[in-house]
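Engineer: Heads up, the sequence shown is in the numbering used here, so the first residue is 1 and it goes up one at a time.
Note that beta-carbon positions come from the ideal geometry of N, C-alpha and C, so glycine has one too.
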Amino acid sequence: MYMCHLCNGFQSNTYASCPNCKTFMMDHGKITDYLDAYSAYMEIETMKLFDGAIDSLEVHHCVHLFSCSNCLHEEMIEIQE
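Pasting the structure below:
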């Protein structure tokens with residue numbers, strides 16, 4: 001069974017630096033949680049078909065939304081499960 005370390009609280013943060021201003025970016029959770037009001041309650045494996053990453057289901061990646069509080073840059077980052 002594969003689990004995302006960020007979603008399940010095994011790891012407090014993944015350090016991603018902003019490509020624009022080089023400050024640390026903040027994790028806002030799975031990108032699929034932002035699709036609609038009920039997407040956070042849907043089956044995770046099913047939602048991976050809509051997360052924007054072509055092979056996230058096969059290679060066991062969880063796509064998270066990260067943002068920079070300094071320059072407001074947003075980026076999707078694939079986290080290995």
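Return the residue from the list 16, 21, 34 that minimises the CA-CA distance to residue 27.
Structural biologist: Looking at the Cα atoms, 16 is the closest of the given residues.
Engineer: Please work out which residues of its chain come closer than 7 Å, Cβ to Cβ, to residue 78, disregarding the five sequence neighbours upstream and downstream, and give them in chain order.
Structural biologist: The residues are 53, 56, 61, 63.
Engineer: Out of curiosity, what's the CA-to-CA distance linking residue 42 and residue 10?
Structural biologist: Going by the C-alpha atoms only, they are around 22 Å apart.
Engineer: Below 8 Å CB to CB, which residues in the same chain sit around residue 47 once its five sequence neighbours on both sides are set aside?
Structural biologist: Only 30, 32, 35, 39 meet the Cβ criterion.
Engineer: Could you name the residues that DSSP lists as bridge partners for residue 27?
Structural biologist: Partner(s): 66.
Engineer: What do you get for residue 25, buried or exposed, if any count of 16 or more other CB atoms within 10 angstroms of its CB means buried?
Structural biologist: That one is buried.
Engineer: Mapping DSSP to helix, strand and coil, what is residue 76?
Structural biologist: In this structure, residue 76 counts as strand in the three-state DSSP scheme.
Engineer: Near residue 51, what residues of its chain come up, given a Cβ to Cβ distance below 6 Å and the 5 sequence neighbours on each side ignored?
Structural biologist: Excluding residues within five positions, the ones whose Cβ falls inside 6 Å are 31, 32, 63.
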